[in-house]
Structures are given as structure tokens and as C-alpha cells.
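*Asks:*
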Amino acid sequence: MTSASATAATAAPAPAATSYDDLHARVLAGELGPDPRTRRVSVAFTTRQAVRHEGRATGYRNEVLSLRLAEAVGSCAVEPGSLPDGALDDCVGADIARLLAHELRPVRVAALDAYLMHVRPHTPAAGARPVPLPAGGSLEKSRSRAAAVAGLLGAAAPGRTTVLVVGVVNSLLAAVRERGFGCVPCDLKGGTTEWGEPVRTDALAELERCDAVLASGMTLGNGTFEPLRAHALRHGKPLVMFAQTGSAILPRLIGAGVGAVCAEPYPFFWLDGGPGTIHLYGADTAGAAL
Numbered sequence: 032m033t034s035a036s037a038t039a040a041t042a043a044p045a046p047a048a049t050s051y052d053d054l055h056a057r058v059l060a061g062e063l064g065p066d067p068r069t070r071r072v073s074v075a076f077t078t079r080q081a082v083r084h085e086g087r088a089t090g091y092r093n094e095v096l097s098l099r100l101a102e103a104v105g106s107c108a109v110e111p112g113s114l115p116d117g118a119l120d121d122c123v124g125a126d127i128a129r130l131l132a133h134e135l136r137p138v139r140v141a142a143l144d145a146y147l148m149h150v151r152p153h154t155p156a157a158g159a160r161p162v163p164l165p166a167g168g169s170l171e172k173s174r175s176r177a178a179a180v181a182g183l184l185g186a187a188a189p190g191r192t193t194v195l196v197v198g199v200v201n202s203l204l205a206a207v208r209e210r211g212f213g214c215v216p217c218d219l220k221g222g223t224t225e226w227g228e229p230v231r232t233d234a235l236a237e238l239e240r241c242d243a244v245l246a247s248g249m250t251l252g253n254g255t256f257e258p259l260r261a262h263a264l265r266h267g268k269p270l271v272m273f274a275q276t277g278s279a280i281l282p283r284l285i286g287a288g289v290g291a292v293c294a295e296p297y298p299f300f301w302l303d304g305g306p307g308t309i310h311l312y313g314a315d316t317a318g319a320a321l
């Protein structure tokens with residue numbers, strides 16, 4: 032092999048990841064960038080939110096663990112109040128390899144997200160299409176994001192009729208229905224939607240009667256993502272992800288069951304009334320603009 036061809040072989044991109052576990056293993060092995068043992072988290076923090084949009088009958092709470100690696104922030108949502116007090120202390124100053132082996136799944140997910148945000152941020156060169164979110168109130172911004180996500184779903188699942196929505200966000204349900212889809216809302220918290228519909232709690236039990244899946248990145252943190260991905264891949268069903276959790280992780284799984292991703296890294300739309308940006312991957316992102 033000539034030196035030129037050797038250089039070309041060295042520069043060839045690594046094959047696409049085949050699963051979350053495969054991606055995790057490749058990062059841990061240093062195949063996608065710098066050795067994770069040499070990259071340390073400088074800041075660890077949680078963001079807690081309670082919200083009830085004007086005109087809505089119900090509200091909800093969020094809590095997110097975030098880790099800062101150099102200029103990048105990786106995040107994983109957790110059930111409010113479930114993160115142990117010592118988790119932040121475990122993360123600060125620790126190297127990414129150590130955190131990828133942490134006993135808590137949300138720490139592992141946030142560490143993987145931070146590393147991938149560091150080595151491959153959301154740019155057009157990485158396949159991302161930036162879409163601006165206009166300034167406005169929390170409900171206006173939620174609806175703007177929902178319109179973009181529903182656009183991805185419409186492009187990824189043309190002609191599909193029933194969508195399993197995993198991770199209930201009322202703005203998303205409304206936007207998906209406006210596109211002509213039927214919805215089966217599902218969330219581990221259960222309850223009812225804004226329109227009084229029962230929320231299913233077992234997503235896997237609903238898969239067979241749905242034609243496509245729209246799922247939150249929170250499924251990474253609670254361990255339900257891989258069964259959804261495997262089902263979508265096995266049955267050829269469109270799987271679209273909307274991701275604050277794992278925004279840098281899920282684009283790496285497009286083609287391995289994931290069809291499209293709306294990636295929203297920290298800071299999230301609900302933290303600021305000013306303009307923001309989301310990043311669309313896969314499907315026909317041109318049809319998903321606001």
C-alpha cells in the first residue's frame with residue numbers, strides 16, 4: 032500500500048454504530064475520537080423545571096443531569112428527585128471512560144452525550160440541519176419545536192396512520208394529529224392527555240398496533256430505547272426521535288433503526304424566552320422546517 036492510500040485508509044470514517052451498546056463500546060475503545068480516559072468533566076449540574084402552560088389544565092416537572100466537557104454539554108433526563116445526592120460529586124473531575132462505566136444509567140448516558148457533542152457537534156458537516164426557534168413564551172416555543180418534529184415524522188412515515196408517541200408532550204400530540212396521524216400516547220407516568228385520553232404505560236405492548244414510533248430521548252435514560260429501536264429495525268417501521276436527552280447520541284444511530292432525529296442540546300427551549308436552535312437529522316429535513 033502506498034503512503035497516500037495508507038493515509039486514505041486511516042482517514043476513512045468508522046462504520047456506523049449498530050446499536051446504543053455498540054456506540055458506547057466504540058467510544059470507550061477510543062474509536063470515534065480522543066481516548067475518553069484523557070477527557071474530564073469540568074462541571075456537573077442538574078436543571079429542575081415545573082411548568083403549566085397558560086390555557087392548559089395540567090402541568091409537569093422535569094429534571095435533567097448535564098455534564099460539561101470542554102465546550103460541550105451532554106444531558107440525560109431523570110425522574111424528578113431520583114438522582115442520588117452524590118451523583119454530581121462522582122462526575123466532577125472524572126474522566127469520560129470512568130463515567131461510561133458508572134453504576135447509574137443517566138450518568139453513563141450524559142457522559143456519552145457529552146463526549147459525542149465534543150467530538151462531533153451539531154453542524155451541517157455532521158449531517159445536521161439547523162432550524163431556528165423564534166423567541167416567545169414557553170407554549171409558543173413548544174409548539175414551534177413540535178411543528179418541526181411533526182414535519183420529520185411526516186417525511187419519515189408518509190402514508191402511515193397510527194403513531195406510538197413515547198413521552199407525552201401535548202404540543203407534539205397536537206402537531207402530529209394536525210399532520211393527519213392517529214396517536215397512541217404512552218408514558219411511564221401514565222395519566223391522561225390534555226384532551227382526557229388515557230396514557231398507556233407499556234410502550235412495547237403497543238408496538239404491534241402502530242405503524243410508526245415517535246419517541247423521546249428520555250428512553251435512553253430509562254432503558255426502553257433499545258427495544259424500540261430493535262422493533263423498528265426488524266419490522267421496517269419509521270422511528271423518529273425528539274432528543275434533549277442524548278441529542279448527540281441518537282443521530283449516530285440513524286440507519287440502525289432510527290430514521291430521523293430532532294436534536295436539541297442544552298440549553299433547552301424551556302429555559303429561555305429568546306430565540307434558539309434545534310438540529311434535524313435524517314428523513315426529508317427540508318420538509319420539516321418551521
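Using the numbering used here, the first residue of the sequence shown is number 32, and each one after it goes up by one.
Glycine is no exception: its CB is placed at the ideal position from the N, C-alpha and C atoms.
Just so it is clear, the structure is predicted and the values come from calculations on it, not from any experiment.
What residue from G211, G305, A314, Y51 has the CA that sits closest to L147's CA?
*Replies:* Ranking G211, G305, A314, Y51 by Cα distance to L147 puts Y51 first.
*Asks:* Which residues bound the alpha helix (DSSP H) around C241?
*Replies:* Unbroken run through C241: none, as it is neither H nor E.
*Asks:* What would DSSP say about T78, mapped onto helix, strand or coil?
*Replies:* Correct three-state label for T78: strand.
*Asks:* Using three-state DSSP, classify E62 as helix, strand or coil.
*Replies:* Coil, per DSSP.
*Asks:* Looking only at C-alpha atoms, which of A56, F212, L245 sits nearest to G198?
*Replies:* For G198, the nearest C-alpha among the options comes from L245.
*Asks:* Got a sec, what are the start and stop residues for the alpha helix (DSSP H) L131 sits in?
*Replies:* Per DSSP, L131 belongs to the alpha helix (DSSP H) from 127 to 131.
*Asks:* Determine the burial state of R265: buried for a count of at least 16 other Cβ atoms within 10 Å of its Cβ, exposed for fewer.
*Replies:* So R265 counts as exposed.
*Asks:* Exposed or buried, what is I309 when buried is set at 16 or more other beta-carbons lying within 10 Å of its beta-carbon?
*Replies:* I309 comes out buried.
*Asks:* Excluding five sequence neighbours on each side, which residues of the same chain lie with their C-beta closer than 7 Å to the C-beta of A48?
*Replies:* Hits under 7 Å: L54, R57, R283, L284, A287.
*Asks:* Quick check on this structure: which residue in V82, A103, P65, G124 has the alpha carbon closest to the alpha carbon of R71?
*Replies:* Of V82, A103, P65, G124, the residue nearest in Cα terms is G124.
*Asks:* Roughly how many angstroms lie between the CA atoms of L204 and T69, to the nearest whole one?
*Replies:* One C-alpha to the other measures close to 43 Å.
*Asks:* Since S106 is in the beta strand (DSSP E), which residue starts that stretch and which ends it?
*Replies:* It spans 103 to 109 - the beta strand (DSSP E) in which S106 sits, taken as one unbroken run.
*Asks:* At what residue ranges does the segment 118 to 183 contain a whole run of the beta strand (DSSP E), taking only runs of 3 or more?
*Replies:* Whole beta strand (DSSP E) segments, 3+ residues: 160 to 164.
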